[in-house]
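A.B. asks: Supplied in structure tokens, the structure appears directly below.
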């Protein structure tokens, strides 16, 4: 049975699917159906193919083999697999961060003249965090020193990653006590790969501690570095309006879809697409302009900083091609389907791979050279324009598109809550304390064809905001909610509970805040820490009435993100499926034991998004109770004596 | 911020900045960039701009950069649909509003220097007071510091009926709040309504008519901003500290009376930056979620009779008021109210008759609590404009009562009686002077009520040391004479007792951290021979305050081992100061201006400063607004050394301390004084003379220079040489 139609996200997709099938192209849902039934051992995480004595699999029903050929038990196998997922995710975010660092350095040294330092204030702040002398120095000199120091953290062998000391003090001490503070980013990934290879670490608890250390090297390391340096290079996001869904593609313009995760090239594509010469060239080919739209997190990056519209999230990448109006789809890294080239072959779209790290047979490879970034970008844009006349007559752009407001960085949240002079998280904390806002949830992550497109995200987020939980989002989850109209300020009165709606009306925000790409989940860590430091909600992230979720996760990156959130003290629920169910030990550790060891955060798995939302709300309520803010409190009236008792300064 | 409010505030800010800019252009054309601008007699320039941006606006030309900042900060209008977050931008718009209005008001001072009255009171028809100068700000600011005024209400506009204005003003006065008024509604102005209703307005009655326009709001906000800088030690430009200081410590709010225009919204948005919420009588949208203010930001549709109570609740303020059973309004706001000759019904004391006050302690069984007795005639038996002699004898008893506390309680009579509306009190002891107004008489006020006031308030304020209070009032000549004789004998015994107390013989001093609500690192330590720098507290006051409230701001400090007897430094005191200043101040000397002098908050009556050329020390009192020989006016001095720091070469002190034996004795004592303002000389002449005799230089005061001699060291040195001032031959100060 073919489930493509019912899972692909609404009526607008149907003509696209039909046209894909007509052209003989398979889509992700077709291939998913063809994979059925998927391997039960794999689904439960009970198989191992690390060495060639295997492959081995453990019978989850205690009837067959309980040990692999090497003697590894199910807990070891499961923990090893889980740890490798964390390492994979961490490597992805961090390698992205490394590229950004290198371009940042090249820009600071003047070797990449098309890039410049855009946010000098953030540069200065970060430089001070790194103990760099800033007074009386040129911006670029500061940037070079900062870039060099950051670059060293990837290969650092001992000590601690710098951003660890951004976490609440209590959290840092927990990490130090458990020995999970990452020493260097690459070192933790490599050590995880070593410890999970045949015959090394065979205690699941010890493996999972190393997985934690690796994940922290992502959240408080590679990912955070990426966000910070991208903000400095391309500008810290500020609220902006845009539109989302396939309806943003333009019949009359050259459509260039950027897809993947890195903004390095797409930033330049945006510049090139506004170039007069390019626009003239496009006109010469019969197009009225050049329309850039994004897919996945590359989309989120340029949305946040330039308001560039989004064509869709991860599972819509092939559908975009089937509209027949995409002249070029430029892909960089992560979440890019190999099948794009097959689908593109059935239409006129050119899939252009630009990263030296990501090649796909059947695509055009135009390698991006950061030293002549704009020229590279122009070459790519020109290729797209040249393709405009090749459109076949049959095109179909779905009508669906939706307004949205995005661009909520940590800095913006602080600003929007108090202006230039009273910027802080105080109003957020106060309204959590007084109960208007019940808590804060981070709902993030991917799409997964195992569930209808976006459905889990929407069900969960609607349930949360209806219960006065403010939702922070990144990645494909944010795009999902944007398409459903949850990211407009008017959504507050329509979907949010009374208290949350009142706060949204006060600040002028939607009840769901788009904070960026999946690498920007680091912004959520910074925001949570800012809430702790603002005061009144305990002294650690684990004290906060907050929860996290990835209801349609699929990537290893999601596991890395989840693990660093849990280790940072956040209760985190995943949907769809869970990779360690075969092992009682590993699963119990992640779902329960971690909560005790790490004083707070645990994992949970709940495929039903309504029930998952309820778990999050229950957790938030339990935190409110521990904080003593579960009941309405009397207003405090201050007399002179109480004013004298206020802390000095 | 609701969308409607934010949209209106941003629109209003645009209009206000536009208007200020065009005013500025006209002024530039007329006077040029170098033309000086500013508010009168202040070292805080345009205080909001100075406090928030750290930019001193001295000339018209200086305004250009500030206007540019205003422009940069003005957000675009809020879109009807799909708007971006507007709370932060609206608050910024409010800030730009204040800067623009402050500049516009400064230009008004330039264009029409007589527009605003000078000083604390309206001058005839000129009822607008404009920016408070630094003398007023310090004098009034202290009331915010010590809690006599917990905050202020900034009234924009006016109620529809003058009677409501009078009622709201009086209610605010009774809650001890200052009332700052500006703006108009339908042509009505609250200040004007009060004047027309015969209410005395001005700083002394706390009903401050800042200006006729909405922009007068900047005088209120400027006052608050200066309080943070002068009392809170916040530095200009440290906007965050200044704003949070106001949110936490200055309990102010805005009462918006009338139609709320875009410009009003812009000002309201500005005030919210300071944590000051808005309470409106009209049906504007509300902003209830908390965050920038302590509680709600905007509440609306409040009926007039609930307005003050609602405002106080929204601001999170607790005002405790003792009920005083008198037929007139009662509270500190009425302390500064005058009773003019034409309003006078009855007078006691002054040049008219004898009047005397005495407080004595008695055994418990000798006092019947609440007993008030008048022997002689009362007001209702007297003709309008008549005079009576008066003796007020307060007899108290209590297990914790001590003889030392008698003069303290007696000194309370002055302000306690003054708090009654329509009653004016001047002086104390045998120079007391009472004036009762026709208004008070009409409301049924009797001399007997003085007894009721003293009974109620002494119980309220001093309940910890006394259990019973009875008051006897005499208005018959022989009885008054008899009390007068008895009182004078007691006064001299008390004086000798206090004079006899020395620092050396006293082992326990007292702290005063009353000002820590405003100057968080400042610690006063008070010894018998060094009274508090604010002039309000001597050591006996502190001891009594400690007895009354053992966990309060006055604590006993065993002075411990003497580290330096000459300079006045003790181990116990240092330990206490270190702890109580939270480590900021490890030690100080009581008797030196040169070496580690005592810290100074913003409240000092006088500031002494070393004059190197003259080998001496000058001192200047708060009321003296002109230049002094140290090159700084009082207000600059206070701004430089105030806020709880110890600055060698400078020290804050009380007027009384000048004539105490330990006055800068570590540096040579009274003989070091080479300059004082003339008015201060006159004020302390008698006591100064006594001290001068004690040190063997009876004509010392005549050898001390004042402003008539000069206001620079070079100008006064020849005078000192001619007079043979002793400081010139003393050990070199450096």
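Chains as they are written, first to last, in our numbering: chain R, 1 to 649; chain E, 1 to 734. Positions of the beta carbon are idealized from the N, C-alpha and C atoms, including for glycine.
What would DSSP say about residue 648 of chain R, mapped onto helix, strand or coil?
C.D. replies: Its pLDDT being 49, under 50, residue 648 of chain R is placed unreliably by the model, and the measurement read from it follows with that caveat. Coil at residue 648 of chain R, not helix or strand.
A.B. asks: May I have the straight-line CA-CA distance separating residue 631 of chain R from residue 541 of chain R, to the nearest angstrom?
C.D. replies: Going by the C-alpha atoms only, they are around 21 Å apart.
A.B. asks: If you run the structure through DSSP and keep just helix, strand and coil, what is residue 446 of chain E?
C.D. replies: Coil at residue 446 of chain E, not helix or strand.
A.B. asks: Mind checking the segment 73 to 89 of chain E against chain R and listing, in chain order, the residues whose C-beta falls within less than 8 Å of any C-beta there?
C.D. replies: Listed by position along the chain: 73, 78, 81, 82, 83, 84, 85, 86, 87, 88, 89.
A.B. asks: By the three-class DSSP mapping on this structure, what secondary structure does residue 359 of chain E have?
C.D. replies: strand
A.B. asks: Residue 352 of chain R and residue 380 of chain R: beta carbons closer than 8 Å?
C.D. replies: Yes, the Cβ-Cβ distance between residue 352 of chain R and residue 380 of chain R is below 8 Å.
A.B. asks: Which residue's Cα is closest to the Cα of residue 246 of chain R: R:322, R:504, R:640?
C.D. replies: R:322
A.B. asks: Compare the C-beta of residue 240 of chain E against all C-beta atoms of chain R and say whether one is closer than 8 Å.
C.D. replies: yes
A.B. asks: When the Cα atoms are used, what is the spatial distance from residue 649 of chain R to residue 245 of chain E?
C.D. replies: The predicted position of residue 649 of chain R is uncertain, since its pLDDT is 40 and thus under 50; a value taken from the coordinates is nonetheless stated next. Cα to Cα, the separation comes out at about 8 Å.
A.B. asks: Do residue 556 of chain E and residue 591 of chain E have their CB atoms nearer than 8 Å?
C.D. replies: no
A.B. asks: Mind pulling the beta strand (DSSP E) runs of 3 or more residues that sit fully within the segment 449 to 506 of chain R?
C.D. replies: 469 to 473
A.B. asks: Can you tell which of E:31, E:646, E:292 has its C-alpha closest to the C-alpha of residue 503 of chain R?
C.D. replies: The candidate whose alpha carbon is nearest that of residue 503 of chain R is E:292.
A.B. asks: Quick one: is residue 520 of chain R buried, meaning 16 or more other Cβ sit within 10 Å of its Cβ, or exposed?
C.D. replies: buried
A.B. asks: Using the three-state DSSP reduction, which class does residue 518 of chain R fall into: helix, strand or coil?
C.D. replies: helix
A.B. asks: Evaluate residue 587 of chain R with the Cβ neighbour count: other Cβ atoms within 10 Å of its Cβ, from every protein chain shown; 16 or more gives buried, anything less gives exposed.
C.D. replies: buried
A.B. asks: Check whether the Cβ of residue 273 of chain E lies closer than 8 Å to any Cβ atom in chain R.
C.D. replies: yes
A.B. asks: For a quick check, are the C-beta atoms of residue 52 of chain E and residue 242 of chain E less than 8 Å apart?
C.D. replies: yes
A.B. asks: In chain R, which residues lie with their C-beta within 9 Å of the C-beta of residue 307 of chain E?
C.D. replies: Counting only Cβ-Cβ distances below 9 Å, residue 307 of chain E has no contacts in chain R at all, with the closest Cβ about 17 Å away.
A.B. asks: With residue 262 of chain R and residue 99 of chain R assumed to form a contact (beta carbons below 8 Å), what rounded beta-carbon distance in angstroms separates them?
C.D. replies: 7 Å
A.B. asks: Using a Cβ-Cβ cutoff of 9 Å, what residues of the segment 88 to 106 of chain E are near chain R? List them in chain order.
C.D. replies: So the close ones are 88, 89, 90, 91, 92, 93, 94, 95.
A.B. asks: Checking contacts by CB at 8 Å: is residue 317 of chain E closer than that to chain R?
C.D. replies: It does; some Cβ of chain R falls within 8 Å.
A.B. asks: Return the CA-CA distance between residue 402 of chain E and residue 459 of chain E, expressed in angstroms with no decimal places.
C.D. replies: Approximately 16 Å between the Cα atoms of the pair.
A.B. asks: Nearest CA to the CA of residue 670 of chain E: which residue from E:482, E:658, E:361, E:530?
C.D. replies: For residue 670 of chain E, the closest of E:482, E:658, E:361, E:530 by C-alpha to C-alpha distance is E:658.
A.B. asks: Do residue 614 of chain E and residue 727 of chain E have their C-beta atoms within less than 8 Å of each other?
C.D. replies: yes
A.B. asks: Is the separation between the beta-carbon of residue 103 of chain E and that of residue 63 of chain E shorter than 8 Å?
C.D. replies: yes
A.B. asks: Going by the CB atoms, is the gap between residue 89 of chain R and residue 555 of chain R shorter than 8 Å?
C.D. replies: yes
A.B. asks: Consider the Cβ of residue 536 of chain E: report whether some Cβ of chain R lies at a distance smaller than 8 Å.
C.D. replies: no
A.B. asks: Taking the C-alpha atoms as reference points, what is the distance between residue 390 of chain R and residue 359 of chain R?
C.D. replies: 24 Å
A.B. asks: Can you find the residues in the same chain that come closer than 6 Å, C-beta to C-beta, to residue 117 of chain E, ignoring five residues on each side of it along the sequence?
C.D. replies: 123, 126, 129
A.B. asks: Is residue 365 of chain E buried or exposed, if buried means 16 or more other CB atoms sit within 10 Å of its CB?
C.D. replies: exposed
A.B. asks: Which ranges does the beta strand (DSSP E) cover as unbroken runs of at least 3 residues, wholly within the segment 245 to 272 of chain R, from first to last along the chain?
C.D. replies: 254 to 260
A.B. asks: Buried or exposed: which applies to residue 549 of chain E, given that a residue is buried once 16 or more other Cβ atoms fall within 10 Å of its Cβ?
C.D. replies: exposed
A.B. asks: Is there at least one Cβ from chain R nearer than 8 Å to residue 516 of chain E's Cβ?
C.D. replies: Nearest CB-CB separation between residue 516 of chain E and chain R: below the 8 Å threshold.
A.B. asks: Going by C-alpha to C-alpha distance, which of R:21, R:24, R:32, R:479 sits closest to residue 3 of chain R?
C.D. replies: R:32
A.B. asks: Provide the residue span of the beta strand (DSSP E) that contains residue 326 of chain R, from first to last.
C.D. replies: 326 to 331
A.B. asks: Where does residue 572 of chain R fall in DSSP's three states?
C.D. replies: strand
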